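Asker:
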Amino acid sequence: MTTTIGNQMQENQTRALKYVAYTLGLIVYLGGIVYAEARAYSLFVKTIDAELLPIAIVGIVALGLTAIAAPIAHHFGTAPGVQRIFLDVFYAFDILAMIANAILDSAMHGQGAVTSLLEFWKAYVLPALPLLCLIGWAIFFALDPSHRKRDMVTAARAATEEVLTSRVIEQMKATDLTDIVDAAAREAAREIVGQTVGATALPTTPTSSTTSTSPSRTKSSKNGRVPEPAIEDSAPNA
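Start counting the sequence shown at 36; every next residue gets the next number (the working numbering).
1. By the three-class DSSP mapping on this structure, what secondary structure does Gly35 have?
2. Between Ala102 and Ile138, which are expected to be in contact by the criterion C-beta below 8 angstroms, what is the C-beta distance as a whole number of angstroms?
3. Work out the CA separation of Phe125 and Phe155 for me, nearest whole Å.
4. When the Cα atoms are used, what is the spatial distance from Ile62 to Ile83?
5. Measure the alpha-carbon distance for Thr49 versus His144 and round it to whole angstroms.
6. The alpha helix (DSSP H) with Tyr70 in it runs from where to where?
7. Please state if the CB of Leu122 and the CB of Thr113 are separated by a distance shorter than 7 angstroms.
8. Can you check whether the CB of Gly94 is closer than 7 angstroms to the CB of Pro165?
9. Looking at the structure shown, is Ser247 part of a helix, part of a strand, or coil, going by DSSP?
10. Is Leu212 helix, strand or coil when you go by DSSP?
11. Distance, Cα to Cα, Pro180 vs Cys168?
12. Under 7 angstroms between C-beta atoms, does Ala56 make it to chain C?
13. Do you know how far the Cα of Asn42 is from the Cα of Ala91?
14. Considering Gly94, what are the terminal residues of the alpha helix (DSSP H) in which it resides?
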């Protein structure tokens with residue numbers, strides 16, 4: 036398709052409008068998270084001692100951080116299948132929890148009566164929300180497909196080691212190891228004797244002693260007989 040100036044301008048305009056829409060949507064999304072966190076903070080202040088509140092803030096913001104991290108993980112850090120489905124369910128629960136907190140805080144500050152469902156939420160669910168977020172992320176990380184790959188490799192190595200061990204046992208049963216065992220026993224005995232008498236271990240093979248013989252001074256025979264010993268010249272008499 037031929038690209039004209041009009042088409043290019045239309046594409047640029049569409050891209051700019053998309054950028055504006057995404058930017059405004061992100062601002063609205065973050066604003067909703069901040070609002071929900073303010074409501075959650077107002078609720079948690081009533082259930083936590085004042086001296087523990089600075090530490091508990093880390094848990095209070097768990098819902099908001101989950102609302103930010105879950106969409107990012109959905110698009111860039113999940114595999115199709117169980118992990119992505121679980122993340123979507125966990126993300127939906129996080130949004131519903133923030134909505135319930137906002138309604139409960141509004142009912143407690145206003146003149147309206149708190150229903151039994153909100154009372155149940157306040158008494159049993161609200162204090163455990165940070166821990167529920169912890170459990171959700173723990174399950175999400177456990178469903179990572181890379182864990183299955185590592186487990187598969189480990190299982191294959193274990194099976195290989197088991198087969199190799201069984202083959203070694205079969206070969207040991209089928210092979211005569213008497214000579215090898217006797218040689219090892221002799222070597223161990225030499226080391227023990229050497230350590231006992233305080234000397235070095237006995238040599239494994241006897242050393243052959245070489246005797247050096249000085250050449251005898253013989254007188255060669257001309258007719259093939261046994262050579263006669265050479266007669267030493269006697270010193271002249273004085």
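Where is the CB? At the ideal position from N, CA and C, for every residue including glycine.
Bear in mind the structure is a predicted one, so any value in this text is a computation, not a measurement.
Answerer: Per the coordinate set shown:
1. Outside the shown range of the chain (36 to 273) lies residue 35, about which nothing can therefore be said.
2. Not a contact, Cβ separation roughly 17 angstroms.
3. 21 angstroms
4. 31 angstroms
5. 45 angstroms
6. Ile40 to Val80
7. yes
8. yes
9. For Ser247, the predicted model reports a pLDDT of 45, less than 50, meaning its position is unreliable and no value from the coordinates is stated.
10. coil
11. 21 angstroms
12. Absent from the structure is chain C; it holds one protein chain and no more.
13. 55 angstroms
14. Leu88 to Ile95
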